[in-house]
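Letter 110 of the sequence shown, counting from 1, is numbered 410 in this note's numbering, and no numbers are missing.
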Amino acid sequence: MDVKIVIVGFLSMVVFVGCSNELHDFDVVCNAFVELSKESNLGQISSEDRNTFIDSRVDVLRDKSNAKIVWNNLQGLYPLVERYNVFVESAESVGLKNWRCEEMEALYPTIDLSDSLLYLEPSPEELRALGVTSMKDATF
Numbered sequence: 301m302d303v304k305i306v307i308v309g310f311l312s313m314v315v316f317v318g319c320s321n322e323l324h325d326f327d328v329v330c331n332a333f334v335e336l337s338k339e340s341n342l343g344q345i346s347s348e349d350r351n352t353f354i355d356s357r358v359d360v361l362r363d364k365s366n367a368k369i370v371w372n373n374l375q376g377l378y379p380l381v382e383r384y385n386v387f388v389e390s391a392e393s394v395g396l397k398n399w400r401c402e403e404m405e406a407l408y409p410t411i412d413l414s415d416s417l418l419y420l421e422p423s424p425e426e427l428r429a430l431g432v433t434s435m436k437d438a439t440f
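Encoded structure:
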């Protein structure tokens, strides 16, 4: 019984310590949006340049940062307004209750990379190398 208490206490400490860095990482992303919102020529900054601006601030976070992972994976999420909601839910999932960022909520939907996203379909040779068979070549 004493062992369970120690283990639960230790796990709680690990989760608390692990989350404390993650919480700060979400604030780093928010601060990037705050900084962007203060740009005097904000109206003339393209969507792609806004994304580059935020990326340059997010890149300082470690690769395993939840905030960085979420930021990088939300780039292709549509509708655009949903990205902020998913980001908030992610912050809350690591323990930052009621996390909000007004500047991010306002500016995130203005970062639309749909024109610059490129999907490259693999060639038939690449698919075969991966073990993918076309329907006409499949044996049933």
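We put the beta carbon where it would ideally sit given N, CA and C, even for glycine.
If you're wondering where the values come from, they're calculated on a predicted model, not measured in any experiment.
Own chain partners of residue i with C-beta closer than 6 Å, once the 5 adjacent residues on each side are dropped
i: residue 391; result: 326 and 399
i: residue 357; result: 332
i: residue 334; result: 403
i: residue 418; result: Confidence is the limiting factor: at residue 418 the pLDDT is only 49, short of 50, which leaves the residue's position unreliable, though a coordinate-based value still follows. Counting only Cβ-Cβ distances below 6 Å, and skipping sequence neighbours, we find nothing.
Given residue i as reference, the closest of the options once Cα atoms are compared
i: residue 407; options: 328, 386, 357 and 381; result: 381
i: residue 355; options: 342, 341, 370 and 427; result: 370
i: residue 361; options: 338, 432, 435 and 329; result: 329
i: residue 413; options: 396, 435, 350 and 385; result: 350
i: residue 385; options: 427, 432 and 405; result: 405
7 Å CB neighbourhood of residue i in its chain, flanking five on each side removed
i: residue 340; result: none
i: residue 363; result: none
i: residue 447; result: As displayed, the chain neither begins before 301 nor continues past 440, which places residue 447 out of reach and without an answer.
i: residue 366; result: 322, 325, 390 and 394
i: residue 437; result: none
i: residue 401; result: 330 and 333
Within 8 Å, strictly: CB atoms of residue i and residue j
i: residue 342; j: residue 353; result: no
i: residue 410; j: residue 347; result: yes
| For the segment 326-390, which segments carrying the alpha helix (DSSP H) assignment without a break, of at least 4 residues, lie completely within its bounds, in sequence order? | When DSSP assignments are scanned along the segment 326-390, the uninterrupted stretches of alpha helix (DSSP H) that are 4 or more residues long and fall wholly within it turn out to be 347-358 and 366-373.
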